[in-house]
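Taken in sequence, the protein lines are chains Y and A.
Offset between the first sequence (1-based) and this note's numbering: plus 25.
Offset between the second sequence (1-based) and this note's numbering: plus 67.
In this text, a Cβ means the ideal position worked out from N, Cα and C, and glycines have one as well.
In this text, all values refer to a predicted model and were calculated from it rather than measured experimentally.
These notes concern the structure reproduced below.
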Amino acid sequence: MALAAVIRSSRATTMMELEIELKKASDKLKVDSPDDFTCSAAPSFPVAVSWDATSISLSAACDLFMRFVTRTSHLEHEKFDAAKSRLIERGEKFGEISLKARKTIAMLSQDFIHDGCTILVHGYSRVVLEVLKLAASNRKLFRVLCTEGRPDRTGLRMSNELAALGIPVKVLIDSAVAYSMDEVDMVFVGADGVVESGGIINMMGTYQIALVAHSMNKPVYVAAESYKFARLYPLDQKDMTPAHRPIDFGVPVPTGVEVETSARDYTPPQYLTLLLTDLGVLTPSVVSDELIQLYL
Amino acid sequence: MDIRRAPPSRAASGGVEPRFRQVGFVTAAEPARGPVAPAAASPTASDGLSPVMIPPPLIPVPAPASESLMPSSPPPASSYLLEVVSDLDDYADDDDIDVSWARPPPPALPEPNKRDLTETKNEHAPTSVAQKPKLSKAERRAIQESQRAAKAAAKEAGLKPTAMASDASTKISKQPKTAKTSLKKVVNQVNPPVASDKKTGERPPDKDRKKDIPQPRMQFDDAHRVVKAKKRSVVSQSEARNRVELFRHLPQYAHGTQLPDLESKFLQPDLMHPSVYKVGLQYLSGDISGGNARCIAMLLAFRDAINDYSMPAEKILNRDLTAKISSYVSFLIECRPLSISMGNAIRFLKNRITKLPLALSESEAKVSLQSDIDRFINEKIIVADKVIVSHAVTKIRDDDVLLTFGSASVVEMIFDHARELGKKFRVVVVDSRPNHEGQRLLRRLVAKGISCTYTHINAVSYIMQEVTRVFLGASSVLSNGTVYSRVGTASVAMVAHAFGVPVLVCCEAYKFHERVQLDSICFNELGDPDAISRVPRDESLSHLKNWAENENLHLLNLKYDITPSDYVSMLITDYGMLPPTSVPVIVIGSTDVDHLIIVVGFKFLPARIAVLTVHRTGHGTRAHMCTYAKSKAVYQQLMFSVFGSPSENSIFGIRRMADW
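The structure is reproduced here in structure tokens:
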């Protein structure tokens with residue numbers, strides 16, 4: 026949305042200038058804090074829960090927006106104003122698609138939730154919330170185990186919302202995941218970004234849960250919109266741009282003691298069963314194919 | 068009788084069963100096979116082989132009495148499969164014509180068999196092919212010719228009859244079991260049209276019809292074919308002695324025997340362009356090695372040849388030039404078998420030649436072709452390497468320990484660039500005999516000031532503990548993500564995987580191939596076995612000096628091996644960083660054809676042929692996979708190995724054909 030507004034308000038007279046302006050704006054979005062932007066722009070622009078400078082989905086979304094908008098080659102032949110309005114159209118369409126994505130994903134995931142199942146969720150993901158909301162409104166009977174999601178305590182927020190929907194919720198501390206994995210039928214997580222190998226980058230703790238689920242043969246479903254597909258390819262946990270979040274232990278940390286404050290981890294594709302996206306239900310190896318089609 | 072049931076027990080006995088060849092290296096013992104009458108239609112006799120069994124050779128094995136033999140039906144089986152392959156679009160054609168055709172008249176059998184046994188024994192005598200076999204073959208040929216003529220008249224798909232005729236004659240002349248290898252030939256049909264150059268002389272009118280289905284690759288354990296190829300060869304060379312059984316289907320010649328012939332040919336300039344000749348010699352001596360170097364050298368030689376080419380008056384430029392290029396290619400093949408990169412480049416060049424507009428004058432055409440070649444080299448190799456390097460250096464951090472195996476040109480460039488960017492890292496170069504290619508890389512890296520460690524491959528599990536990343540080059544990457552590269556790469560990748568070290572394979576996209584290969588045996592290159600027996604600079608270690616005289620000793624010098632995609636963490640190509648599963652998307656995206664039929668064969672799973680049809684639609688590619696699998700378990704195994712997991716997205720529709 027914000028970027029579509031940029032197009033509208035731009036006074037550029039050639040495509041190249043417009044592209045450059047768009048690029049500048051998207052870089053700004055990626056780097057600056059949310060205060061710089063109007064509130065109207067923020068909620069409508071699809072971002073990750075934690076709006077921080079290192080948000081992967083934000084940069085992925087910006088890149089995709091740029092690609093999507095500037096991809097058409099036949100624009101070169103038209104007059105500039107017509108082209109500009111065309112671009113604005115496409116930009117707004119992109120925004121619509123992103124908003125509708127969640128509804129599509131929720132619809133696709135209904136087949137996976139059966140009556141009497143137990144779902145494990147991790148952290149606060151609006152997509153997963155949408156999925157469960159739709160399932161509840163379809164009168165499916167299921168219960169949810171929700172991890173606490175330290176240090177953000179996002180899990181508590183999630184369980185709040187779920188309880189408000191009338192879904193039976195049980196909160197676990199993060200360490201109790203393996204303990205409860207027996208009674209779990211499937212794991213649902215969101216994603217900050219889906220990387221080219223088919224793995225996901227998500228809140229710290231996702232990798233652990235995926236490992237435990239994989240070793241106990243429980244399916245792990247990732248609900249992610251397609252704009253979150255990023256052209257990254259981490260080889261290991263440290264191969265990403267670091268994102269830190271201060272952790273409050275309640276007591277001051279003694280001097281000389283280091284704290285691991287990384288906020289994200291990378292889950293390799295072999296631990297994920299399926300990706301539920303607005304493009305359909307995909308296997309992890311498809312992400313790269315989609316990216317190739319989009320970018321090449 | 069249900070032949071399908073019986074073999075599993077024999078397979079379970081570990082292959083000691085007489086009709087199966089022993090695994091490993093055996094010498095040809097006396098043939099004890101009685102006449103084998105082809106059985107009634109039982110297409111699944113070959114089915115009895117478990118995946119572990121190796122199909123028997125063409126030559127007779129130490130086999131006891133023939134009554135234990137099933138009056139087996141590999142001929143009908145393989146003919147069925149030939150049918151499958153040939154009649155992909157032609158299901159209307161009936162089986163009975165072919166079955167009867169495939170089954171030769173019994174009276175003809177016993178004699179040819181006995182004669183043939185002697186002749187195959189003669190194969191094992193060093194070098195020359197005896198005159199006797201030719202005569203007996205000719206007699207049998209006469210019988211087959213008449214059948215073949217009738218067959219060719221009846222058949223619509225003109226290509227396959229001749230293939231099957233020669234196959235049939237070989238089938239009939241050899242043991243029925245040995246027809247499995249012709250089955251192998253047919254089944255191993257995925258390859259670039261380059262291999263078909265060998266057969267262009269044989270079947271010129273069928274060239275157009277061959278467009279969709281790739282030619283069967285030349286299998287060198289078929290004596291009949293080898294003799295034919297020899298007749299057409301530009302350079303004569305003698306076959307190596309003491310060849311390893313398992314690799315009889317690959318060409319192996321005694322090193323250096325083609326030199327006298329080559330020297331005499333040098334003074335006939337119209338036969339061979341001097342640049343091509345020079346490049347061929349450089350391949351032969353090993354001066355030029357490495358996928359990129361060989362490809363570039365070959366393309367530049369062709370460029371010179373095109374430059375000097377003058378079209379004869381009555382001929383059409385396309386055809387004549389293509390024929391000339393094909394002759395050059397056959398020459399190069401005889402110096403050293405083509406690498407996959409070269410094969411793809413040749414395919415590109417031939418494509419460009421055929422696409423030349425007929426209205427172009429000769430000089431314009433030549434200029435256009437030369438610029439095409441230059442563009443290919445520039446875009447697909449030089450610029451591609453730059454892109455790969457720029458991606459790869461992002462994966463190198465400070466204080467990394469990078470391991471590489473052998474000497475890959477693109478890996479050297481990566482290290483160079485990383486050093487220029489100021490990154491602090493050290494390199495471990497792992498090397499192996501007999502070529503010690505890593506030493507060249509080591510010298511160059513040390514000269515640039517990169518701190519290196521050098522070790523041999525037997526220490527790779529020891530050194531892997533300190534390593535943080537492994538960079539490997541590749542000769543090619545196949546469609547299921549397996550990496551085809553210098554022998555030893557697979558071991559390094561496996562050890563890296565075991566230690567949790569990421570393996571990054573760097574390969575330009577032009578080297579990708581649509582073939583799928585499950586093992587290192589069905590397609591490989593055999594080097595000179597003397598290179599193994601000799602330890603340079605240390606004559607006291609020459610225990611194997613007289614290895615050729617010992618009948619029980621066979622030396623094997625494999626050049627390539629395949630690394631399964633599970634061991635590869637990431638593929639770095641000019642398309643970016645991809646998982647190995649994305650290779651088919653690139654391969655399909657870069658071919659011109661809209662409808663590609665790929666036949667995948669499996670050496671150890673006869674009667675399982677998978678046909679992968681790919682349709683390009685507006686939304687990308689859809690791949691329909693039809694498998695003629697005999698059992699669901701095998702079908703799943705097949706799918707798994709080809710695509711990595713049964714539910715891969717590339718397969719939108721799967722049709723299972725009824726059993727034959």
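Could you tell me the distance, in whole angstroms, from the CA atom of residue i to the CA atom of residue j?
{"i": "residue 315 of chain Y", "j": "residue 259 of chain Y", "result": "18 Å"}
{"i": "residue 441 of chain A", "j": "residue 624 of chain A", "result": "35 Å"}
{"i": "residue 253 of chain Y", "j": "residue 309 of chain Y", "result": "13 Å"}
{"i": "residue 421 of chain A", "j": "residue 395 of chain A", "result": "17 Å"}
{"i": "residue 380 of chain A", "j": "residue 343 of chain A", "result": "24 Å"}
{"i": "residue 15 of chain Y", "j": "residue 400 of chain A", "result": "One cannot answer for residue 15 of chain Y here, as it falls past the ends of chain Y, which runs 26 to 321."}
{"i": "residue 596 of chain A", "j": "residue 622 of chain A", "result": "6 Å"}
{"i": "residue 627 of chain A", "j": "residue 497 of chain A", "result": "16 Å"}
{"i": "residue 85 of chain Y", "j": "residue 304 of chain Y", "result": "16 Å"}
{"i": "residue 454 of chain A", "j": "residue 186 of chain Y", "result": "48 Å"}
{"i": "residue 196 of chain Y", "j": "residue 566 of chain A", "result": "37 Å"}
{"i": "residue 424 of chain A", "j": "residue 644 of chain A", "result": "37 Å"}
{"i": "residue 398 of chain A", "j": "residue 215 of chain A", "result": "31 Å"}
{"i": "residue 577 of chain A", "j": "residue 447 of chain A", "result": "6 Å"}
{"i": "residue 107 of chain A", "j": "residue 587 of chain A", "result": "At residue 107 of chain A the pLDDT is 39, less than 50, meaning the model places this residue with poor confidence; the figure from the coordinates comes in the next sentence. The straight-line gap from Cα to Cα measures roughly 35 Å."}
{"i": "residue 270 of chain Y", "j": "residue 53 of chain Y", "result": "22 Å"}
{"i": "residue 389 of chain A", "j": "residue 290 of chain A", "result": "28 Å"}
Taking the alpha helix (DSSP H) that residue i belongs to, which residues open and close that run?
{"i": "residue 350 of chain A", "result": "341-352"}
{"i": "residue 493 of chain A", "result": "From DSSP, residue 493 of chain A is part of no alpha helix (DSSP H) but of the beta strand (DSSP E) over 492-498."}
{"i": "residue 480 of chain A", "result": "476-487"}
{"i": "residue 427 of chain A", "result": "Where residue 427 of chain A is concerned, there is no enclosing alpha helix (DSSP H), given that its DSSP letter is neither H nor E."}
{"i": "residue 185 of chain Y", "result": "179-189"}
{"i": "residue 195 of chain Y", "result": "That residue, residue 195 of chain Y, is in no alpha helix (DSSP H); its beta strand (DSSP E) goes 194-197."}
{"i": "residue 385 of chain A", "result": "384-402"}
{"i": "residue 409 of chain A", "result": "407-421"}
{"i": "residue 314 of chain Y", "result": "311-320"}
{"i": "residue 141 of chain Y", "result": "Here residue 141 of chain Y belongs to no alpha helix (DSSP H), and DSSP marks it neither H nor E."}
{"i": "residue 292 of chain Y", "result": "Counting along the chain, residue 292 of chain Y falls outside any alpha helix (DSSP H), though it belongs to the beta strand (DSSP E) covering 289-292."}
{"i": "residue 300 of chain Y", "result": "Careful: residue 300 of chain Y lies outside any alpha helix (DSSP H), inside the beta strand (DSSP E) at 299-302."}
Just the chain A side, please: which residues come within less than 9 Å of residue i by C-beta, in chain order?
{"i": "residue 149 of chain Y", "result": "None at all; the shortest Cβ gap to chain A is about 29 Å."}
By the criterion of Cβ-Cβ separation under 7 Å, what are the contact partners of residue i in chain A?
{"i": "residue 21 of chain Y", "result": "Here chain Y covers residues 26 to 321 and nothing more, so residue 21 of chain Y does not appear."}
Does any residue of chain D have a CB that is nearer than 8 Å to the CB of residue i?
{"i": "residue 494 of chain A", "result": "Absent here is chain D; the protein component of the structure consists of chains Y and A."}
Find the residues of chain A that neighbour residue i, judging by a C-beta separation of less than 8 Å, and give them in chain order.
{"i": "residue 221 of chain Y", "result": "643, 644, 645, 646"}
{"i": "residue 261 of chain Y", "result": "569"}
Can you pull the chain Y residues whose beta carbon is under 7 Å from the beta carbon of residue i, in chain order?
{"i": "residue 652 of chain A", "result": "314, 317"}
{"i": "residue 462 of chain A", "result": "260"}
Over what stretch of residues does the beta strand (DSSP E) that includes residue i continue unbroken?
{"i": "residue 369 of chain A", "result": "Here residue 369 of chain A belongs to no beta strand (DSSP E); instead the alpha helix (DSSP H) covers 358-375."}
{"i": "residue 523 of chain A", "result": "519-523"}
{"i": "residue 66 of chain A", "result": "Residue 66 of chain A is absent from the model: chain A starts at 68 and stops at 727."}
{"i": "residue 246 of chain Y", "result": "245-248"}
{"i": "residue 168 of chain Y", "result": "167-172"}
{"i": "residue 214 of chain Y", "result": "211-214"}
{"i": "residue 226 of chain Y", "result": "225-228"}
Starting from residue i, find everything on chain Y with Cβ-Cβ shorter than 8 Å and list it in chain order.
{"i": "residue 649 of chain A", "result": "310, 313, 314, 317"}
Q) If you scan the segment 591-665 of chain A from start to end, which runs of the beta strand (DSSP E) of 3 or more residues do you find wholly inside it? A) As far as the segment 591-665 of chain A is concerned, its whole beta strand (DSSP E) runs of at least 3 residues are 627-630, 637-640, 643-645.
Q. Does the segment 570-577 of chain A come close enough to the segment 637-649 of chain A that 3 or more CB-CB pairs lie under 8 Å?
A. yes
Q) Whole beta strand (DSSP E) runs in the segment 528-564 of chain A with 3 or more residues, listed along the chain? A) 536-540, 550-553
Q. Can at least three beta-carbon pairs, one atom from the segment 511-530 of chain A and one from the segment 488-499 of chain A, be found at a separation below 8 Å?
A. yes
Q) Is there contact here, the segment 151-168 of chain Y with the segment 119-129 of chain Y, by at least three beta-carbon pairs under 8 Å? A) Flag = yes, the segment 151-168 of chain Y and the segment 119-129 of chain Y touch.
Q) If you pair each beta-carbon of the segment 525-538 of chain A with each one of the segment 507-515 of chain A, do three or more pairs fall below 8 Å? A) no
Q.
Three or more C-beta pairs under 8 Å: does that hold for the segment 399-414 of chain A against the segment 464-476 of chain A?
A. Counting Cβ pairs under 8 Å, fewer than three are found: no touch.
(Q) Pairs of beta-carbons, one from the segment 197-204 of chain Y and one from the segment 161-178 of chain Y, closer than 8 Å: are there three or more? (A) yes
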